[in-house]
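For reference, the structure is listed below as structure tokens.
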Amino acid sequence: MKTTISKIGAYADQEVTIGAWLANKRSSGKIAFLQLRDGIGFIQGVVVKADVGEDLFAQAKNITQESALYVTGTVRAEERSPSGYELTVTGFTVISESKDYPITPKKHGTDFLMDHRHLWLRSKRQQAVMKIRDQIIHATYEFFHEHGFSKLDSPILTGSSPEGTSELFATKYFDEDAYLSQSGQLYAEAGAMALGRVFTFGPTFRAEKSKTRRHLIEFWMIEPEMAFVEFDENLEWQERYVSHLAASVLENNQIELKTLGRDLSKLEAIQAPFPRITYDEALKLLHEKGFDDISWGDDFGSPHETAIAEHYDKPVFITHYPTSLKPFYMQPDPNRDDVVLCADLIAPEGYGEVIGGSERIHDYDLLKQRIAEHNLSEETYEWYLDLRKYGSVPHSGFGLGLERTVAWLSGVEHVRETIPFPRLLNRLYP
Ligand code: 4AD
Ligand code: MG
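Position in the sequence shown counted from 1, then plus 54, gives you the numbering used here.
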């Protein structure tokens, strides 16, 4: 019977065949242990010389790392194995041999691993991170579909820049100037007026010369947008969504979390509601902690975010930032016109901002004024202004950075390990 490692439990004490690669092996004079992976799971194949004969045993001892095989064997329950099973090998054929596989079980430098990202993905740790990423994507669709949201795809090639003009990748669109999307938000707003609740999910691009553990040039963002939702309710959606992601990873990725050595109590703590502090309160806290390099109107950097987050065992919302720090579309606080109805969600453990969101301006004149103040061309935003002309309603939304969320939930230090092929400053290969 041909099967996969993940389904092997259904065939206890029976003979099965799997397609697999050799991840690693150990052997003595009489017995060889093959660490087999088919991508879906890992299992140990045990080759006993007395059972398979001299020839096959000698061949088993010579299989090289990452050679591709068909392995036949009897499925045995084995408590100590993560899959719960082991394979007593009765035979195998080498489909293709792998010679001098560059990534050996010894330690390699990051640059070397990044140059071999196409192969590095096969390692146990990288597979675990990719599976958690996939689970988070799955849980995202699950959460939003359960609550009446429709997925709405926003364009990648755009004529507008929602998040400021300094970080745009410009390209030619025949004779016109175009940019790679920084955010799908403006299109999501149009979608929310059509479908009530939508979310976009796609690649976004920032030509930002940042070289930190939190920055990618190309990253994936989930951007929900909701009609008739104001500032406070927007925060409630965020904390429920993020709590759902953590619960879903805890429920479905036990093996991967174990591979990564993740402290599960950190994920168990991610439960709504999340604490909220205003920018002003955060600034006061920073001054109390001895940060005198920052004053009202300055943006928080990583050390500031980390210091604020350290105060809590859950993610924390920092709300009501100065208007001057935020994009043109954010709704002003009705009680104070120098701050906006926005929030950044800061993850614990130094992972920084994972969500940025706000209530949007729904008044036509105010939005038009802001577009002018930000020196944006009104012509480009005419369609966006139209949304405020025909049945405009209060609405809010947010953007969650997928890679920062994967890094945080997986406990992986750097976002470069959370996307299959990271685009970093000075890295477009492989
Ligand atoms: O705060 P940002 O720039 O917000 C927006 O783009 C809004 N239009 C979202 C919205 O309201 N619909 O980005 C949102 C999130 C950040 O909190 C962060 O998680 C992630 O996107 N992000 C990045 N992730 C990796 N690398 C980068 N260079 C990122 N820039 C932002
Ligand atoms: Mg932001």
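A virtual CB, placed ideally from N, CA and C, is assigned to each residue, including glycine. Being a predicted model, the structure only gives us computed values, none of them experimental.
Exercise for the section: Note down the Cα distance separating residue 318 from residue 304, rounded to an integer number of angstroms. Expected result: Note on geometry: alpha-carbon atoms of residue 318 and residue 304 lie some 8 angstroms from one another.
Exercise for the section: Could you tell me which of 203, 128, 274 sits nearest to residue 472, measuring between CA atoms? Expected result: Taking the Cα of residue 472 as reference, the smallest distance to any Cα among 203, 128, 274 is reached at 274.
Problem - Cross-strand partners of residue 272 (DSSP beta bridge) - result: In the DSSP output, where bridge partners are listed per residue, residue 272 has 259.
Handout entry: Any 3 or more C-beta pairs closer than 8 angstroms across the stretch 196-203 and the stretch 249-263
Key = They touch, by the three-pair rule.
Exercise for the section: Decide if the stretch 279-293 is in contact with the stretch 175-188; the criterion is three or more beta carbon pairs, one per stretch, under 8 angstroms apart. Expected result: Output reads no: the stretch 175-188 does not touch the stretch 279-293.
Problem - residue 410, DSSP secondary structure in three states - result: Shown here, residue 410 sits in a strand according to DSSP, grouped into three states.
Practice task
Report the option in 353, 367, 160 whose CA atom is closest to the CA atom of residue 381.
Solution key: Cα-wise, what sits closest to residue 381 is 353.
Exercise for the section: Use the C-beta contact count for residue 444: other C-beta atoms within 10 angstroms, 16 or more gives buried, fewer gives exposed. Expected result: Around the CB of residue 444, fewer than 16 other CB atoms lie within 10 Å, so the residue is classed as exposed.
Problem - Endpoints, the alpha helix (DSSP H) within which residue 427 is located - result: First-last of the alpha helix (DSSP H) with residue 427: 418-427.
Handout entry: Bridge partner(s) assigned by DSSP for residue 463
Key = The partner list for residue 463 (beta bridge, DSSP) is empty, contrary to what the question assumes.
Handout entry: Shell residues, 6 angstroms Cβ cut-off relative to heavy atoms of the ligand MG
Key = In chain order, the qualifying residues are 398, 407, 410.
Handout entry: Collapsed DSSP secondary structure at residue 415 in the structure displayed
Key = Shown here, residue 415 sits in coil according to DSSP, grouped into three states, outside any helix or strand.
Exercise for the section: Have a look at residue 390 and residue 159 and give me their C-alpha separation to the nearest angstrom. Expected result: Per the coordinates, the alpha-carbon of residue 390 lies some 59 angstroms from the alpha-carbon of residue 159.
Handout entry: Counterpart residues of residue 139 in DSSP-defined beta bridges
Key = Residue pairing of residue 139 in beta bridges, as defined by DSSP: 131.
Problem - Length of the line joining the Cα atoms of residue 130 and residue 161 - result: About 33 angstroms.
Problem - Euclidean distance between Cα positions of residue 372 and residue 335 - result: C-alpha separation (whole angstroms): 9 angstroms.
Exercise for the section: Measure the Cβ-Cβ separation of residue 455 and residue 407 and say whether it is below 9 angstroms. Expected result: Judged by their CB atoms, residue 455 and residue 407 are nearer to each other than the 9 angstroms cut-off.
Problem - Terminal residues of the alpha helix (DSSP H) in which residue 360 lies - result: Element bounds for residue 360: 356-363.
Exercise for the section: Give me whichever residues DSSP pairs with residue 75 in a beta bridge. Expected result: 91, 122, per the DSSP bridge assignment.
Exercise for the section: State yes or no: is the C-beta of residue 269 nearer than 8 angstroms to some heavy atom of the ligand 4AD? Expected result: Residue 269 Cβ: within cutoff of the ligand 4AD.
Exercise for the section: Just tell me which of 247, 207, 66 has its CA closest to the CA of residue 414. Expected result: Cα-wise, what sits closest to residue 414 is 247.
Handout entry: Close-in-space but distant-in-sequence residues of the same chain around residue 178 (CB under 6 angstroms, 5 per side omitted)
Key = In chain order, 313 place their CB closer than 6 angstroms to the CB of residue 178, counting only its own chain and leaving out the 5 sequence neighbours on each side.
Handout entry: Option in 376, 244, 233 with minimal Cα separation from residue 485
Key = It is not possible to answer for residue 485, since the shown part of the chain is limited to 55 through 484.
Handout entry: Nearest-angstrom beta carbon gap, residue 198 and residue 136 [assumed within contact, 8 angstroms]
Key = Rounded to the nearest angstrom, the Cβ distance from residue 136 to residue 198 is 32 angstroms, too far for a contact under 8 angstroms.
Exercise for the section: Name the residue from 62, 74, 79 whose alpha carbon lies nearest to the alpha carbon of residue 146. Expected result: Relative to residue 146, the option among 62, 74, 79 whose CA is nearest is 74.
Handout entry: 4 or more residues per run - each alpha helix (DSSP H) lying fully within the stretch 306-380
Key = As far as the stretch 306-380 is concerned, its whole alpha helix (DSSP H) runs of at least 4 residues are 308-313, 318-322, 333-342, 356-363.
Problem - Other residues of its chain near residue 217: CB distance less than 7 angstroms, five sequence neighbours each side excluded - result: These residues qualify, in order along the chain: 236, 237, 381.
Handout entry: Cα-Cα separation between residue 326 and residue 295, rounded to whole angstroms
Key = Going by the C-alpha atoms only, they are around 9 angstroms apart.
Practice task
Could you spell out where the alpha helix (DSSP H) holding residue 193 opens and where it closes?
Solution key: For residue 193, the enclosing alpha helix (DSSP H) stretches over residues 178-200.
Exercise for the section: Look up residue 477 in the DSSP assignment and say whether it is helix, strand or coil. Expected result: If DSSP states are grouped into helix, strand and coil, residue 477 belongs with coil.
Exercise for the section: Determine the burial state of residue 342: buried for a count of at least 16 other Cβ atoms within 10 Å of its Cβ, exposed for fewer. Expected result: Residue environment: residue 342 is assigned as exposed (fewer than 16 neighbouring CB atoms within 10 Å of its CB, all protein chains considered).
Practice task
Out of 120, 127, 109, state which residue places its alpha-carbon closest to the alpha-carbon of residue 70.
Solution key: Minimum Cα distance to residue 70 is reached at 127.
Problem - C-alpha distance - residue 383 paired with residue 215, whole-angstrom precision - result: C-alpha separation (whole angstroms): 11 angstroms.
Practice task
Return yes when the C-beta of residue 385 is under 8 angstroms from any heavy atom of the ligand 4AD, and no when it is not.
Solution key: Answer for residue 385: no, Cβ out of range of the ligand 4AD.
Handout entry: Residue nearest to residue 433 in terms of C-alpha spacing, selected from 386, 225, 337, 213
Key = Closest option to residue 433, judged by alpha-carbon separation, among 386, 225, 337, 213: 213.
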